[in-house]
Amino acid sequence: MFQKFLTTGPACRATDRARPELGGRPFASATQLQSYALRTRSIVVKNILIFSGSPRKGGNSDLLCDQFMAGASEAGHAVEKIWVHGQKIAPCLGCMHCQSHAGACVQNDGMADILQKMIAADVLVLASPVYFYSVSAQIKALIDRTVARYTEIKNKSMYYIITAADTDLSHMQRTIECFRGFAYCLEGAEEKGVVYGVGAWGKGDIKALPSMGQAFDMGKNV
């Protein structure tokens, strides 16, 4: 688990502008003050891995991933976003070679490194546009390829992000169940939150919707 504890003293107040470690001098900037506040409050730094399943970089679900990442980064966590479409991830062949060869896949692509990151992460964020009330081909290929080492992906906090033109949340459950089905197969996985980016049809429509702020806040409160 990539966790570390920062417990070096009391939280810094906004009015507390002079500290002994600065020789009694005021903080030079708000950034310096914020950095001190982060260092001196007790936090658990989590390793967060975000999978953006949109085939469009800068698409609606991808933008929500950026918001989640920004919130988590502001809170002091270690965050990495992987744009799945930009990776070399072939569909699973169903050959089950991995099951008799210690998780090694016959397909020599980018999935081996990604699996290692998934195993090491504390938090997994899965994001996808809603296509025919299911997930994108990119994110489904990723999920299927975890079969090689899915038993090693344990005790993860799970967050889900979806975007759709449809505004009926009850219709979104079909897509979310794809993510939940994956989590059901992971030992100790726990769903922590869902961002419903509904009402977004065209690329960038999400920018005007409340889900942008919701994604940021969810990331900040991981």
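Using the UniProt record's numbering, you'd call the opening residue of the sequence shown number 1 and step up by one each time.
Cβ coordinates follow ideal geometry from the N, Cα and C atoms, glycine included.
Would you call residue i buried or exposed, if buried means 16 or more other Cβ atoms sit within 10 Å of its Cβ?
| i | result |
| --- | --- |
| Gly58 | exposed |
| residue 235 | No statement about residue 235 is possible, as the shown extent of the chain runs from 1 to 222 and does not include it. |
| residue 283 | Absent from the structure is residue 283, since the part of the chain shown begins at 1 and ends at 222. |
| Asp122 | buried |
| Asp113 | exposed |
| Lys207 | exposed |
| Gly181 | exposed |
| His85 | buried |
| Lys140 | buried |
What residues in its chain sit with their C-beta under 8 Å from that of residue i, if we drop five residues either side in the sequence?
| i | result |
| --- | --- |
| Ala70 | Phe216 and Gly219 |
Name the one or two DSSP bridge partners that residue i has.
| i | result |
| --- | --- |
| Ala195 | The residue you asked about is not Ala; residue 195 is Val in the sequence shown. BP columns for Val195 point to Ile161. |
| Ala141 | Paired residues: none, contrary to the question. |
Within the same chain, show all residues whose beta-carbon is closer than 7 Å to that of residue i, passing over the 5 residues directly before and after it, in chain order.
| i | result |
| --- | --- |
| Cys185 | Tyr150 |
| Phe132 | none |
| Lys192 | Ser157, Met158 and Tyr159 |
| Gln138 | Gly53, Pro55, Val84 and His85 |
| Gln173 | none |
Out of the options, state which residue places its alpha-carbon closest to the alpha-carbon of residue i.
| i | options | result |
| --- | --- | --- |
| Ala119 | Pro55, Leu209 and Ala189 | It is worth fixing the name first, because residue 119 is Ile in this sequence and not Ala. Checked all of Pro55, Leu209 and Ala189; the closest Cα to Ile119 is Ala189. |
| Trp201 | Ala165, Pro210 and Cys178 | Ala165 |
| Lys88 | His97, Cys98, Leu115 and Asp66 | Leu115 |
| Leu63 | Ser211, Val130 and Asn221 | Ser211 |
For residue i, I'd like the list of residues in its chain whose CB is within less than 6 Å of its CB, leaving aside the five on either flank, ordered along the chain.
| i | result |
| --- | --- |
| Ala90 | Gln107 and Asp109 |
| Val79 | Ile48, Met69, Ala72 and Ser73 |
What do you reckon, is the C-beta of residue i under 7 Å from a heavy atom of the ligand HEM?
| i | result |
| --- | --- |
| Asn47 | Among the ligands in the structure shown, none appear at all, so the ligand HEM cannot be discussed. |
Report the residue ranges of all beta strand (DSSP E) runs contained in full by the segment 80-127; include only those spanning at least 3 residues, in chain order.
Residue ranges of uninterrupted beta strand (DSSP E) with 3 or more members are absent from the segment 80-127; none lies entirely inside it.
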